[in-house]
Amino acid sequence: MSNVNFEQGGALGWDSQIEQESSFILLPAGEYEFKVEKMERATYQPSRNSSIQDTCPKAELTLSIQSEEHREAKVFENLILHSKLEWKLSEFFIAIGQKKKGEAFTPNWGEVVGSTGRCKLEINEYTTNKGQDRKNNRVATFLAPEDKSSVNSNSNFSF
Numbered sequence: 020m021s022n023v024n025f026e027q028g029g030a031l032g033w034d035s036q037i038e039q040e041s042s043f044i045l046l047p048a049g050e051y052e053f054k055v056e057k058m059e060r061a062t063y064q065p066s067r068n069s070s071i072q073d074t075c076p077k078a079e080l081t082l083s084i085q086s087e088e089h090r091e092a093k094v095f096e097n098l099i100l101h102s103k104l105e106w107k108l109s110e111f112f113i114a115i116g117q118k119k120k121g122e123a124f125t126p127n128w129g130e131v132v133g134s135t136g137r138c139k140l141e142i143n144e145y146t147t148n149k150g151q152d153r154k155n156n157r158v159a160t161f162l163a164p165e166d167k168s169s170v171n172s173n174s175n176f177s178f
């Protein structure tokens with residue numbers, strides 16, 4: 020195998036061995052434990068039909084999720100730093116234990132990677148620019164620690 024770092028990507032040669040296959044897993048809708056595997060700071064660029072028309076910072080999260088019946092899945096979630104989505108920021112930071120309900124809070128972004136919590140996933144159906152119907156998982160809500168339910172728990176994963 021060549022010395023290509025698949026995490027960063029890189030050019031392959033005509034004689035390079037290949038082994039990596041698609042790792043996409045669609046999980047059933049439900050509640051799951053997650054671990055924040057990666058966070059990148061980026062900039063949100065509004066589209067014409069977006070309810071948020073300001074360019075603003077965003078955190079691009081990669082969440083690692085496992086369940087008894089499925090291998091580890093990756094779910095990608097954006098946290099847009101805008102007052103209209105302050106509720107979602109609060110929901111996330113409550114879920115990972117940084118924020119307490121009802122209290123003002125300044126996020127510690129340096130401690131996000133490695134944090135764990137629970138979320139409710141839904142199946143998002145969409146059509147690509149090429150007209151192909153696709154599905155992926157999307158976080159419907161981040162759950163506060165006391166919102167954990169033993170019913171409909173699809174996770175048996177210890178981080």
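When you read off a place in the sequence shown, starting at 1, and then add 19, the result is the number in my numbering. Beta carbons: idealized from backbone N, C-alpha and C, even for Gly.
DSSP state of residue i mapped onto helix, strand, coil
i, result
"residue 113", "helix"
"residue 129", "helix"
"residue 86", "coil"
"residue 98", "strand"
"residue 162", "strand"
"residue 46", "coil"
"residue 31", "coil"
"residue 120", "coil"
"residue 105", "helix"
"residue 76", "strand"
"residue 142", "strand"
"residue 150", "coil"
Beta-carbon spacing of residue i, residue j below 8 Å
i, j, result
"residue 153", "residue 140", "no"
"residue 112", "residue 138", "no"
"residue 114", "residue 136", "yes"
"residue 54", "residue 83", "yes"
Inter-residue CB distance, residue i and residue j (contact presumed, cutoff 8 Å)
i, j, result
"residue 62", "residue 76", "6 Å"
"residue 81", "residue 56", "5 Å"
"residue 10", "residue 90", "Any property of residue 10 remains undetermined from this structure, which presents the chain solely from 20 to 178."
"residue 163", "residue 120", "7 Å"
"residue 79", "residue 110", "Rounded, the Cβ-Cβ distance is 17 Å, inconsistent with contact."
Residue-chain proximity (residue i, chain C), Cβ-Cβ < 8 Å
i, result
"residue 94", "As a matter of chain content, chain C is missing from the structure shown, which is built from one protein chain."
Distance between residue j and residue i (C-alpha atoms, nearest Å)
i, j, result
"residue 66", "residue 34", "42 Å"
"residue 117", "residue 36", "44 Å"
"residue 145", "residue 151", "8 Å"
"residue 70", "residue 97", "15 Å"
"residue 108", "residue 32", "43 Å"
"residue 148", "residue 122", "42 Å"
"residue 73", "residue 95", "22 Å"
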